[in-house]
Ligand code: SF4
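Numbering (the numbering used here), first residue to last: 920 to 1472.
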């Protein structure tokens, strides 16, 4: 056993449909069977297997027969078993068309062929009878293909089982398939990102986006103390005082965010865990408190993450890219503001130049301490220059003087603080969706309850999602300085109306699309956060150099 192998748990039999995935693409097998990754979109799985109402014919023995053989190491459900001329024959039904050979003769696809052979071997092993062939009906072109089971076929099944067992022991994800056409039809393309891997390995010039531009599931914020989230059948139910109860189908909900002392029932928590709906908690003071973390699925991803981030060189490389990315976005944001300024432009230009000089030093930083120093200097310059971007008409109460946190000491900082809490929540949500460990980062140290990897990744999105949103809304006069804030001495928080307004602005901002500067396709910010986490994971799988390039123009 080498260091990239886990001990073999040994006992569990393989599903025959997993061998189908293996023959389709070993990486698909690994993602499904080992990393237990699935997407909401089950359409392609449906494409692989069709469950039809089979008309009973004379000689039918069983329909949908569940079989298992520990000796062979397989289990599975046969669509139908029929007897023809004294022979028992398994049938498999497929939605699509068959393959055609050079003579235009109908053939089974390789993955379908292996699957029906595996069913035939399973029947032999489980029922102790001899099977000489299996049959596949392709419904799109109404073709029946006969697949004989001979010694070569049995050998092929045994080899596939052995390959699957080896992959189950491995912590390494297999490479992407060289047959790009398979990826176009693969439901796991959004998590596998094969085009991006080929691009990173210089095998593709322009990656094609194989997943939707947006995730249109709703993010439900529950702000009212005493409001309760429950479950009713397949629906999420939200009850607010003096308001009609709202129900939403679970498949339409991506996250539930509980602010302040709003509540959620145990049944709803279980349901959210089952349905992979993110549940997050934000305090009444606007601080991110934590998330329900039930996605403990694959240990392999976490082992790879732990190995990579224990390597100080890898952590330093990623941290440099992160500091560069955030610093460049901060500088560009000041440059945008500078274009709109008249007299105040000169000091701002000096800051922009100073930041450029510091940014040139980032790729050479030889330690995390040096990087922290550079990042601190960049942040000081940026926040010192930020007041220059505030318009003349903005009231004094909304002006920004200096950064203050825990607690914020003015309205502008209260807005930034609440925005960063929402952003951290979104980043942690994506980290959990991807299946990484939020508390294991590469740059931030675990000083507060905030998970370090979440703090690392949110650096990329602070400027575009929070700073720009806050500055835009302040300059457009969208805040009521009394209604939208609660001021107690030197402590300032957003009031109920302020939080509602902010959430609205922030969620709308996340719906805007942005063209990735390297990959050159457009995605909403919501999707980009998840993409960035996946690109981070690729950094330690030999598919890297795409992480941390999201710099505003
Ligand atoms: S997207 Fe392509 S490489 Fe990735 S699992 Fe699917 S078929 Fe394999």
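Positions of the beta carbon are idealized from the N, C-alpha and C atoms, including for glycine. Treat the numbers as computed from the prediction; the structure is a model and nothing was measured.
Does the beta carbon of residue i fall short of 7 Å from some heavy atom of the ligand SF4?
i            : result
residue 950  : yes
residue 1393 : no
residue 1280 : no
residue 946  : yes
residue 1454 : no
residue 990  : no
residue 1107 : yes
residue 1041 : no
residue 1064 : no
residue 1096 : yes
residue 1101 : yes
residue 1113 : yes
I'd like to check one pair, residue j with residue i: are the Cβ atoms closer than 8 Å?
i            : j            : result
residue 940  : residue 1033 : no
residue 1208 : residue 1201 : yes
residue 1337 : residue 1421 : yes
residue 1304 : residue 1277 : no
residue 1120 : residue 1451 : no
residue 1059 : residue 1100 : no
residue 1467 : residue 1340 : no
residue 1169 : residue 1138 : no
residue 1471 : residue 1346 : no
residue 935  : residue 995  : yes
residue 1438 : residue 1118 : yes
residue 1079 : residue 987  : no
residue 887  : residue 937  : As shown, the chain starts at 920 and ends at 1472. That puts residue 887 outside it, with no answer to give.
residue 1241 : residue 1378 : yes
residue 1429 : residue 1384 : yes
residue 1354 : residue 1158 : no
residue 1062 : residue 1053 : no
So what does DSSP say about residue i, is it helix, strand or coil?
i            : result
residue 1013 : strand
residue 944  : coil
residue 1177 : strand
residue 1274 : helix
residue 939  : helix
residue 1001 : strand
residue 1381 : helix
residue 1080 : helix
residue 1182 : strand
residue 1113 : helix
residue 1197 : strand
residue 1466 : coil
residue 1471 : coil
residue 996  : strand
residue 1065 : strand
residue 1148 : strand
residue 1298 : helix
Pop quiz: residue i and residue j are said to be a contact at Cβ under 8 Å. What is the actual Cβ separation, rounded to whole angstroms?
i            : j            : result
residue 1343 : residue 1373 : 5 Å
residue 1281 : residue 1243 : 5 Å
residue 1148 : residue 1165 : No, residue 1148 and residue 1165 are not in contact; Cβ-Cβ is about 10 Å, not under 8 Å.
residue 1453 : residue 956  : With 8 Å as the limit, residue 1453 and residue 956 do not qualify as a contact, their Cβ atoms being about 11 Å apart.
residue 1041 : residue 1072 : No, residue 1041 and residue 1072 are not in contact; Cβ-Cβ is about 13 Å, not under 8 Å.
residue 1392 : residue 1398 : 6 Å
residue 1008 : residue 1001 : 5 Å
residue 1181 : residue 1141 : 4 Å
residue 1443 : residue 1133 : 4 Å
residue 1144 : residue 1097 : Contact doesn't hold; Cβ gap of about 57 Å is too wide.
residue 1460 : residue 1223 : 7 Å
Three or more C-beta pairs under 8 Å: does that hold for the region 1089-1109 against the region 942-952? yes
Meets three-Cβ-pair contact criterion under 8 Å: the region 1426-1440 and the region 1092-1102: no
Is there contact here, the region 1352-1364 with the region 1153-1167, by at least three beta-carbon pairs under 8 Å? no
Is it a yes or a no for the region 1308-1316 touching the region 1290-1298, going by three-plus beta-carbon pairs under 8 Å? no
On the three-pair Cβ rule with 8 Å, is the region 1315-1333 touching the region 1408-1422? yes
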